[in-house]
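Per our numbering: the sequence shown = residues 409 to 859. Glycine is no exception: its CB is placed at the ideal position from the N, C-alpha and C atoms. Since the model is a prediction, treat every value here as computed from it, not as a measurement.
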Amino acid sequence: MEHVNQLRRLGLFDAKVPRYTSYPPATKFSNDVTGAVFLDWIAAIPQGARISLYLHVPFCRRLCWFCACRTQGVRSDDPVLAYVATLTQEIGALGRALPQGVTVARLHWGGGTPTLLGAPVMRDLAQSLRAAMPFAPDAAFSVEIDPNEIDTARIDALAEAGMTRASIGVQDFDPDIQQIIGRVQGYEVTRAAVEGLRAAGIRSLNADILFGLPEQTMARLSDSVQMLMSLNPDRVALYGYAHVPWMAKRQAMIPTELLPSPEARLDLFDTARRLFLWDGYQEIGIDHFARPEDSIAVAARTGHLRRNFQGYTDDTCDVLIGLGASAISRFPQGFAQNASSTAAYQKAVRAGQMATGRGHVFKGEDRLRARMIEMLMCDFHIDSAALMRDFDVPHERLAAIYAKAADQFAGMLTIDAKGLGILPQGRALTRMIARTLDAYETQGQGHSSAI
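Pasting the structure below:
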């Protein structure tokens, strides 16, 4: 109880902070990054470099009320097919712009629901990507799978296209909670999808599950976690439900009075965490768990864990290029985001232009602070020696940046010649501690709960 009281005094249960899947957060992007800037950054990619691609499909057959992703509901395939045609055009333009010898090492299809595409469309899209740019022999290809929107034909199409990892959204298996959040997805449907994927040779599986949902109790979440573990996923993302109805209007369908308190959210997280650890999963960062042999568990043990828009990853490519409406690209020079609306995105691409709508050009200490925050989020420790080597920053400057965190979170940190570390009892505060390293963040407006 004293530990909870200490977390309360430090503001954990009241704070709204970024998730820090990027720095600066996308809320700080501006209109300074244009299509011309994006093309300059593409041209600056070294010849022979390995890059990552993210492909966004912003459509769903039904809109889940809990979801805050950029997506839209569709009843027919016509808008989807029109969008895929535009996406294919953008893929071709990117392939022509890439410097010689650049290869794709990572490919991720996200959404929305990329598996609402029919099997022939999936095959054509995958062929368009491989025709436009070379893929590395060891390229990894992951796809977000909706168990309600998958069948044998689509699984076979993805397997033939080279999918190596499937990512399944679970959220919660409790039928009452599913009704409240507008996502009905039974355990048997999910199990059938998992079995179909494994029968097709897809050996790597990760799953997302949420805590902090309406009417969720420790008993209900325990049941859902144990049902999920029976499917034996290689890794699990245990995300806190972000109730942000001012950003995602559909969340107004979820009664606020049914949501657990911040203190209850912490109990829910700890309940699920203990179950995953008991079952042999390794804890990864603030909200992931993985089997010891999984690639992100290996990356965590060897100091190669990274953080991007999909969460934790072992992807160390310097460049990530986003394709599709609202997709975000990351370069050594900054971030570039495509136009968010599908109409604006398609208009630009069909006119032969890049669809870049906004972004951020790194300046000042951006790269330094981004790496500090990533170290903290991945390893709970900032390595001063590595920062001084990679950014040519004096130790005195680092000490000055650490001082703000030390003032606010005394007793939760260690600070010495090696760097700044978060003690085990302070790990729930990680995003708040990261905020002290953020030169942009001020009031936390528009962000989700710190727990």
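For A763, three-class secondary structure by DSSP: Within the sequence shown, the letter at position 355 stands for residue 763. It is coil, neither helix nor strand.
C-beta neighbour in chain D for R606, strict 7 Å: The structure shown contains no chain D; it is built from a single protein chain.
Residues near D791 by beta carbon distance below 8 Å, same chain, minus five either side: Walking along the sequence shown from the start, residue 791 turns up at place 383. If we look at D791 and ignore the five residues flanking it on each side, its Cβ neighbours are M783, K826, G827.
Coil, strand or helix - H768 by DSSP: Walking along the sequence shown from the start, residue 768 turns up at place 360. Three-state result, H768: strand.
Buried or exposed (CB count within 10 angstroms, at least 16 for buried), P860: The question about residue 860 has no answer here: the residues shown for the chain are numbered 409 through 859.
Pick from D722, F788, E498, L537 that is closest to L837, judged by C-alpha positions: If you number the sequence shown from 1, residue 837 lands on position 429. The residue with the shortest Cα to Cα distance from L837 is F788.
Beta-bridge pairing of S575 - partner residues as DSSP gives them: The residue labelled residue 575 in the question sits at position 167 within the sequence shown. The bridge partners DSSP lists for S575 are E552, N614.
Pairwise C-alpha distance: Q535 and A452: As a first step, residue 452 must be located in the sequence shown, where it is residue number 44. As a first step, residue 535 must be located in the sequence shown, where it is residue number 127. When rounded, the separation of the alpha-carbon atoms in A452 and Q535 is 26 Å.
Length at least 3, wholly inside the stretch 579 to 651: the beta strand (DSSP E) runs in chain order: Those beta strand (DSSP E) runs which fall completely within the stretch 579 to 651 and span 3+ residues are 612 to 619, 643 to 648.
Cβ-Cβ distance between R514 and A548 below 7 Å: In the sequence shown, counting from the first residue as 1, residue 514 sits at position 106. In the sequence shown, counting from the first residue as 1, residue 548 sits at position 140. A548 sits close to R514, with the two beta carbons spaced by under 7 Å.
Coarse secondary structure for L731, derived from DSSP in three states: Counting from 1 along the sequence shown, the entry for residue 731 is found at position 323. Three-state DSSP puts L731 in a strand.
Sub-7 Å separation of L524 and E552 beta-carbons: The sequence position of residue 524 within the sequence shown is 116, counting from 1. The sequence position of residue 552 within the sequence shown is 144, counting from 1. Going by C-beta atoms, L524 is not nearer than 7 Å to E552.
Test item: CB-CB of D642 and L605 under 7 Å: Translated into the one-based positions of the sequence shown, residue 642 becomes position 234. Translated into the one-based positions of the sequence shown, residue 605 becomes position 197. No, these two residues do not count as a Cβ contact at 7 Å.
Beta-carbon spacing of P365, R478 below 7 Å: Any question about residue 365 goes unanswered here, given that the chain covers just 409 to 859.
Sheet register partners of N716 (DSSP bridge): Here residue 716 refers to the residue found at position 308 when the sequence shown is read from its first residue. Partner(s): G719.
Cβ contact check for the stretch 804 to 818 and the stretch 626 to 636: 3 or more pairs under 8 Å: no
Host alpha helix (DSSP H) of V517 (start-end): Taking the first residue of the sequence shown as 1, we reach residue 517 at position 109. What sits at residue 517 in the sequence shown is Trp, not Val. In the DSSP assignment, W517 falls outside any alpha helix (DSSP H) and within the unbroken beta strand (DSSP E) covering 511 to 519.
Residues near A847 in its chain [Cβ-Cβ closer than 7 Å; skip 5 each side]: The residue labelled residue 847 in the question sits at position 439 within the sequence shown. Same-chain partners within the cutoff: E773, R777.
With 16 other Cβ atoms within 10 Å as the buried cut-off, status of H411: Working through the sequence shown from its first residue, we reach residue 411 at position 3. Exposed, since its Cβ has fewer than 16 Cβ neighbours within 10 Å.
Cutoff 8 Å; reference Q634; Cβ partners in own chain excluding five residues on either side: Working through the sequence shown from its first residue, we reach residue 634 at position 226. Same-chain partners within the cutoff: L683.
Backbone CA spacing between Q761 and G509 [nearest angstrom]: Here residue 761 corresponds to residue number 353 of the sequence shown, with the count starting at 1. Here residue 509 corresponds to residue number 101 of the sequence shown, with the count starting at 1. Distance between the alpha carbons of Q761 and G509 is about 24 Å.
C-beta atoms of R843 and V425 nearer than 7 Å: The residue labelled residue 843 in the question sits at position 435 within the sequence shown. The residue labelled residue 425 in the question sits at position 17 within the sequence shown. Going by C-beta atoms, R843 is nearer than 7 Å to V425.
C-beta atoms of G767 and F437 nearer than 7 Å: Counting from 1 along the sequence shown, the entry for residue 767 is found at position 359. Counting from 1 along the sequence shown, the entry for residue 437 is found at position 29. Yes. Within cutoff.
The alpha helix (DSSP H) enclosing N413, as first and last residue numbers: Counting from 1 along the sequence shown, the entry for residue 413 is found at position 5. Residues 410 to 417.
Status (buried if at least 16 other CB within 10 Å, exposed otherwise) for H855: In the sequence shown, counting from the first residue as 1, residue 855 sits at position 447. Looking at its Cβ environment, which holds 16 or more other Cβ atoms inside 10 Å, H855 is buried.
Spatially closest choice to P668 from K771, H803, G620, V757, by CA coordinates: As a position in the sequence shown, residue 668 is number 260, starting the count at 1. Of K771, H803, G620, V757, the residue nearest in Cα terms is G620.
Endpoints, the alpha helix (DSSP H) within which G503 is located: As a working note, residue 503 is residue 95 in the sequence shown. Looking at the DSSP string, the run of the alpha helix (DSSP H) that includes G503 is 486 to 505.
Same chain only: Cβ atoms within 8 Å of L489, ignoring 5 sequence neighbours per side: For the purposes of this step, residue 489 is identified with residue 81 of the sequence shown, where counting begins at 1. Only V529 meet the Cβ criterion.
Where R797 falls, given that 16 or more other Cβ within 10 Å makes a residue buried: Residue mapping note: residue 797 aligns to position 389 of the sequence shown, counting from 1. By the neighbour-count rule (16 or more Cβ atoms within 10 Å), R797 is not buried but exposed.
Under 7 Å between C-beta atoms of I729 and L447: By 1-based counting over the sequence shown, the position of residue 729 is 321. By 1-based counting over the sequence shown, the position of residue 447 is 39. Not closer than 7 Å, so no.
Beta-carbon gap between I692 and A708 smaller than 7 Å: Along the sequence shown, one-based indexing puts residue 692 at 284. Along the sequence shown, one-based indexing puts residue 708 at 300. Contact: yes.
Closest by C-alpha distance to I576, when choosing among A600, D564, I589, Y431: Within the sequence shown, numbered from 1, the residue matching residue 576 stands at position 168. Ranking A600, D564, I589, Y431 by Cα distance to I576 puts A600 first.
Integer-rounded CB distance, given that F677 should sit under 8 Å from Y689: To locate residue 689, count along the sequence shown from 1; it is residue 281. To locate residue 677, count along the sequence shown from 1; it is residue 269. Not quite, the Cβ-Cβ distance comes to about 14 Å (not below 8 Å), so this is no contact.
Distance CB(G732)-CB(H516) smaller than 7 Å: Walking along the sequence shown from the start, residue 732 turns up at place 324. Walking along the sequence shown from the start, residue 516 turns up at place 108. Their beta carbons are not under 7 Å apart, which means G732 does not touch H516 by this criterion.
Alpha helix (DSSP H) runs contained entirely in the stretch 422 to 491, provided each spans 4 or more residues: 443 to 451
Separation of T764 from L471, as counted between CA atoms: Residue mapping note: residue 471 aligns to position 63 of the sequence shown, counting from 1. Residue mapping note: residue 764 aligns to position 356 of the sequence shown, counting from 1. About 26 Å.
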